[in-house]
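So the structure is just underneath, and the comments pick up after that.
Protein chains: 2
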Amino acid sequence: MKKNSHLQTIEWKNNKIRIIDQTRLPKGLVYLDIDNLRDLWLAIRELKVRGAPALGAAAALGVYLGSKNLKTKSREVFNKELFRIADYLASSRPTARNLFWGIERMCGVAEKFKGRSVEEIKRLLFKEAQAVIKEDKVTCRKIGLWGARLIKDNSTVLTICNAGILATIDYGTALGVLYRCKEEGKRLKVYACETRPLLQGARLTTWELQNKGIDVTLICDNMAASLMQQGKIDLVITGADRIAVNGDTANKIGTLGLAILCRYHKIPFYIAAPSSTFDLSIKSGRGILIEQRKPEEVTSLFSKITIAPKGVRVFNPAFDVTPNNLISAIITEKGIIRPSFRANIRKIISSVQRRAYSG
Amino acid sequence: MKKNSHLQTIEWKNNKIRIIDQTRLPKGLVYLDIDNLRDLWLAIRELKVRGAPALGAAAALGVYLGSKNLKTKSREVFNKELFRIADYLASSRPTARNLFWGIERMCGVAEKFKGRSVEEIKRLLFKEAQAVIKEDKVTCRKIGLWGARLIKDNSTVLTICNAGILATIDYGTALGVLYRCKEEGKRLKVYACETRPLLQGARLTTWELQNKGIDVTLICDNMAASLMQQGKIDLVITGADRIAVNGDTANKIGTLGLAILCRYHKIPFYIAAPSSTFDLSIKSGRGILIEQRKPEEVTSLFSKITIAPKGVRVFNPAFDVTPNNLISAIITEKGIIRPSFRANIRKIISSVQRRAYSG
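Sequence lines, in order, name chains W and G. Under the numbering used here, the residue at position 234 of the first sequence is numbered 344, and the numbers go up by one with no gaps. Under the numbering used here, the residue at position 32 of the second sequence is numbered 142, and the numbers go up by one with no gaps.
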């Protein structure tokens, strides 16, 4: 890839959903054109497209794709089928809030305009999906603006997984903050945790940061404590998959450990996420469903090399929950939310989200 | 391998050093016969034989192997060459204290009997190397006995790397404690951290525990915090590579992070190690040299699959240092050492080690 050429993780192109196949990175930048729901469901399940905000867009485009392919002229049949499409997409992965948020937005449009013709509703659904994409671009840049206020020149930042371009449409949440810092002329050094088992840090974050010309060093997840002990980390910033109303945050497995290490070493720990990641229906992290993934992700590498004895039992949760008391601040497009989160999240994130679909 | 068949990690056999090639596990149990120092040096550097106590034995056998191959009848030339052999072996890996301890024991014998004939000294060196091996078997079983006192029936234990049969001669330190528990009829559940980058936990510890019939579950290193948060871990126990006189302990990278997680979750954190792992010449962990290994260990898997972009910078320390205040107790063959370590280590570990060779 050419340095600084514009990447878009997901878009509607040639009447299909075009995604960057993230399982092929960093070896090759390969695009995948998706024209049916089953392929989209699999692309989500297999992490060809991943990252909470990108999943919001995938869900929105997916609902449109599914509706577009419906042949009926009956509004009633159409609406019934639309909810079937929504249920199907909602079954792809359980944790990221944005996936359900994307579906809910689309179902909300169908609900609002249910008196219109099927063709008209399809047109409005397309418009809504495009709005989701357009808004994400703006939202991430706002997150970047707010977050950059928290980061001084010459900082060394540690992050896990990928909360960058590839997790959003084209900018990033946690990494968006770093891109904004760079645009402001701040010098940064970044440590990227490789993020086992699927190595989004090693494969995606280092690749993005290299392309953006940001100084990045790859570490194994278990090396973060040693860096902090040596005073080499000024702050940790990560994305989020679902944030409860009290600020408890589900994010990639390993995030909780980093937050605890930050507390021990008195290092700030920041979350960066759009308001679509908040789930105001959930009181605390205990209410967040954590996806358990298959053992083979841990026992073999990309189904190619086996690294553990046959039949060994495996625990493979895709996410963990960081309790609110370990989080220094949550950076959103609406501003920086600081503790006490219970009060401040309600203040900053609009407390009413109309739900035509409840995933 | 047959269940419960007797494994020996390293031994003198057919006039050669026979080791289990640990880089081939768990795929195959392959033995390697080594008849020259260069091959032994490489086997140590490439972790074909690894684990602090096993390295002590490798060093002792290595000094004998090197001396056996010397052609001179002159005691002066022989002694000079012996120190050259010692220096060479000492240059293989820097952190594990036991490697140097093994060399020192052998040089101590040569020094003590320097008036004898070369043939006689060689015979005494062979005897000493065999003693190192024999003593390790006894030592590990004593560690097991002491350690088992700390573990209740029905405990769930988390460990990192491999401190078992494959890290010693035939029993283990941290895993030896678990084996002793099993012999006593205690029921255990074990979580093994995979231990990036070289996956000793995934490849070796799960294999050993499976063979011993102990219930083992493999996790990625970044999943330990989540298990602890859910109250699933009763204690953590690991081996050690070098312990300073104040109790600060160098062990496999990732150990420090686990110790901090234990502190946060109020879970006991134990070290199990023979007295040969203590370095009474070092006041604190700051004096311990940490081996930095090559980037390719992180960026590719077994030199087969590349998992990061070309040219990415990597930080790859093989060990970290856990400060004494995070350690609940150190289990040795001489007893359980509890804080305050500064006083109690001197009491239990003999404070004077004669050093004919200083590595």
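For glycine and all other residues, C-beta sits at the position ideal for the given N, C-alpha and C.
Give a yes or no on whether the C-beta atoms belonging to residue i and residue j are separated by under 7 angstroms.
{"i": "residue 109/W", "j": "residue 199/W", "result": "Lying outside 111 to 469, the shown extent of chain W, residue 109/W is not represented and no answer is given."}
{"i": "residue 319/G", "j": "residue 132/G", "result": "no"}
{"i": "residue 296/G", "j": "residue 263/G", "result": "yes"}
{"i": "residue 335/W", "j": "residue 192/G", "result": "no"}
{"i": "residue 383/G", "j": "residue 349/G", "result": "yes"}
{"i": "residue 405/G", "j": "residue 136/W", "result": "no"}
{"i": "residue 301/W", "j": "residue 329/W", "result": "yes"}
{"i": "residue 165/G", "j": "residue 117/G", "result": "no"}
{"i": "residue 279/G", "j": "residue 352/G", "result": "no"}
{"i": "residue 249/G", "j": "residue 407/G", "result": "no"}
{"i": "residue 274/W", "j": "residue 260/W", "result": "no"}
{"i": "residue 346/G", "j": "residue 298/G", "result": "no"}
{"i": "residue 478/G", "j": "residue 154/G", "result": "This structure leaves residue 478/G out entirely; chain G is present only between 111 and 469."}
{"i": "residue 440/G", "j": "residue 377/G", "result": "no"}
{"i": "residue 403/W", "j": "residue 327/G", "result": "no"}
{"i": "residue 436/G", "j": "residue 369/G", "result": "yes"}
{"i": "residue 126/G", "j": "residue 149/G", "result": "no"}
{"i": "residue 429/W", "j": "residue 205/W", "result": "yes"}
{"i": "residue 331/G", "j": "residue 331/W", "result": "yes"}
Might you give, ordered along the chain, the residues of its own chain that have their beta carbon closer than 7 angstroms to the beta carbon of residue i, omitting 5 neighbours on each side?
{"i": "residue 189/G", "result": "220, 224"}
{"i": "residue 457/W", "result": "none"}
{"i": "residue 309/G", "result": "none"}
{"i": "residue 445/G", "result": "256, 458"}
{"i": "residue 235/W", "result": "173, 174, 177, 216, 219, 220"}
{"i": "residue 185/G", "result": "224, 228"}
{"i": "residue 294/W", "result": "258"}
Under a Cβ-count criterion, where at least 16 other Cβ atoms within 10 Å of its own Cβ denotes burial, should residue i be classed as buried or exposed?
{"i": "residue 232/G", "result": "buried"}
{"i": "residue 355/G", "result": "buried"}
{"i": "residue 158/G", "result": "buried"}
{"i": "residue 362/W", "result": "buried"}
{"i": "residue 325/W", "result": "exposed"}
{"i": "residue 207/W", "result": "buried"}
{"i": "residue 130/W", "result": "buried"}
{"i": "residue 290/W", "result": "buried"}
{"i": "residue 269/W", "result": "buried"}
{"i": "residue 312/G", "result": "buried"}
{"i": "residue 214/W", "result": "buried"}
{"i": "residue 412/G", "result": "exposed"}
{"i": "residue 194/G", "result": "exposed"}
{"i": "residue 124/G", "result": "exposed"}
{"i": "residue 182/W", "result": "exposed"}
{"i": "residue 272/G", "result": "buried"}
{"i": "residue 152/W", "result": "exposed"}
{"i": "residue 304/W", "result": "buried"}
{"i": "residue 453/G", "result": "exposed"}
In its own chain, which residues sit with a C-beta less than 6 angstroms from the C-beta of residue i, not counting the 5 before and 5 after it?
{"i": "residue 416/W", "result": "410"}
{"i": "residue 358/W", "result": "394, 395, 431, 433, 434"}
{"i": "residue 449/W", "result": "none"}
{"i": "residue 483/W", "result": "Missing from the structure shown is residue 483/W; chain W here goes from 111 to 469 and no further."}
{"i": "residue 372/W", "result": "346, 379"}
{"i": "residue 388/W", "result": "353, 459"}
{"i": "residue 128/G", "result": "121, 141, 143"}
Here's a check: name, in chain order, each residue in its chain whose Cβ is nearer than 8 angstroms to the Cβ of residue i, leaving out the five neighbours to either side.
{"i": "residue 239/G", "result": "122, 167, 170, 171, 173, 174, 216"}
{"i": "residue 292/G", "result": "298, 322, 323, 324"}
Cβ contact check for the stretch 132-142 of chain W and the stretch 246-262 of chain W: 3 or more pairs under 8 angstroms: Output reads no: the stretch 246-262 of chain W does not touch the stretch 132-142 of chain W.
Residues of the stretch 325-336 of chain W whose Cβ lies closer than 9 angstroms to any Cβ of chain G, in chain order: Those residues of the stretch 325-336 of chain W that come within reach of chain G (Cβ to Cβ, closer than 9 angstroms) are 325, 326, 327, 328, 329, 330, 331, 332, 333, 334, 335, 336.
Contacting positions in the stretch 358-371 of chain W - beta carbon closer than 7 angstroms to chain G: Against chain G - using a Cβ distance shorter than 7 angstroms - the residues of the stretch 358-371 of chain W are 363, 364, 366, 367, 370, 371.
Interfacial residues, the stretch 297-321 of chain W to chain G, with Cβ spacing under 8 angstroms: Within the stretch 297-321 of chain W, the residues whose Cβ lies closer than 8 angstroms to some Cβ of chain G are 301, 303, 304, 305, 306, 307, 309, 312, 313, 316, 317, 320, listed in chain order.
Contact residues within the stretch 409-421 of chain G, judged by C-beta distance below 9 angstroms to chain W: If the cut-off is 9 angstroms between Cβ atoms, the stretch 409-421 of chain G has 409, 411, 412, 414, 415, 416, 417, 418, 419, 420, 421 near chain W.
Residues in the stretch 342-353 of chain G having any Cβ partner in chain W nearer than 7 angstroms: Within the stretch 342-353 of chain G, no residue qualifies.
Residues of the stretch 240-264 of chain W whose Cβ lies closer than 9 angstroms to any Cβ of chain G, in chain order: Listed by position, the residues of the stretch 240-264 of chain W near chain G (Cβ gap below 9 angstroms) amount to none.
Residues in the stretch 374-403 of chain W having any Cβ partner in chain G nearer than 9 angstroms: Taking 9 angstroms as the upper bound on Cβ-Cβ separation, chain G lies near residues 374, 375, 400 of the stretch 374-403 of chain W.
Short-range partners of chain W found in the stretch 176-188 of chain G, where Cβ spacing is below 8 angstroms: Listed by position, the residues of the stretch 176-188 of chain G near chain W (Cβ gap below 8 angstroms) amount to none.
Proximal residues, the stretch 425-446 of chain G versus chain W, C-beta separation under 7 angstroms: Within the stretch 425-446 of chain G, the qualifying residues are 425, 427, 430.
Contact list for the stretch 199-212 of chain W against chain G, Cβ threshold 8 angstroms: Listed by position, the residues of the stretch 199-212 of chain W near chain G (Cβ gap below 8 angstroms) amount to none.
Contact set between the stretch 120-144 of chain W and chain G, restricted to residues whose Cβ is under 8 angstroms from the partner: Taking 8 angstroms as the Cβ-Cβ cut-off against chain G, the residues of the stretch 120-144 of chain W that qualify are 136, 137.
Contact set between the stretch 148-165 of chain G and chain W, restricted to residues whose Cβ is under 9 angstroms from the partner: Of all residues in the stretch 148-165 of chain G, none has a Cβ within less than 9 angstroms of some Cβ in chain W.
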